[in-house]
Amino acid sequence: MGNKDVVLWDICYHPFMRSIRIKTFPDSKRELVEEVSPNVLRVFVRDSAQNNMANRAVIRVVGAFYGIPENKLRIIVGHRAHNKTLEVRE
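The sequence shown runs -10 to 79 under our numbering.
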């Protein structure tokens, strides 16, 4: 591993940042959160995946599931994909 890799890791890593991996299912019949394992969720939302509506619904549902305000959650990977990573900001 070269110095470039180490520097990149230092930039990406934050000791107080917690991430949650999510598999999303837009256009579902009901809103549901299933915990597959710690920090890994399956999230079903009613909203469609158009105009960022499903992403906003995912943040709302995950926030309610964990009791975290929506403004503390942010999608960091997977804005246009079913597999997403959310950052929980302290």
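Ideal Cβ positions, reconstructed from N, Cα and C, are used throughout, including at glycine.
- Query: Residues in its own chain within less than 6 angstroms of Asn(-8) by CB, not counting five upstream and five downstream?
  - Reply: For the purposes of this step, residue -8 is taken as the residue at position 3 of the sequence shown. For Asn(-8), the predicted structure reports a pLDDT of 45, less than 50, and the residue's modelled location is therefore unreliable. The matter cannot be settled from this model.
- Which residue comes first and which comes last in the beta strand (DSSP E) that contains Ile48? The residue labelled residue 48 in the question sits at position 59 within the sequence shown. Careful: Ile48 lies outside any beta strand (DSSP E), inside the alpha helix (DSSP H) at 42 to 55.
- Item | Residue from Ser8, Glu59, His68 with nearest C-alpha to Val29 | What you label residue 29 is simply residue 40 of the sequence shown in a count that begins at 1. The shortest Cα separation from Val29 among Ser8, Glu59, His68 belongs to Ser8.
- Task: Inspect the beta-carbon positions of Lys61 and Ile11 and report whether they are closer than 8 angstroms.
- Result: Mapped onto the sequence shown, residue 61 falls at position 72. Mapped onto the sequence shown, residue 11 falls at position 22. Result no, Cβ atoms of Lys61 and Ile11 do not sit closer than 8 angstroms.
- Message: Quick check on Ala43: buried or exposed, where buried means 16 or more other Cβ atoms within 10 Å of its Cβ?
- Response: Within the sequence shown, numbered from 1, the residue matching residue 43 stands at position 54. Ala43 is buried by the Cβ-count criterion.
- Does DSSP put Glu59 in a helix, in a strand, or in coil? Walking along the sequence shown from the start, residue 59 turns up at place 70. Looking at Glu59 - three-state DSSP - the assignment turns out to be helix.
- Item | Contact under 8 angstroms by Cβ, Glu20 with Arg31 | Here the question's residue 20 lines up with position 31 in the sequence shown. Here the question's residue 31 lines up with position 42 in the sequence shown. Not closer than 8 angstroms, so no.
- Query: Buried or exposed: where does Ile48 fall if 16 or more other Cβ atoms within 10 Å of its Cβ makes it buried?
  - Reply: Locating residue 48 in the sequence shown gives position 59, where the first residue counts as 1. It counts as buried.
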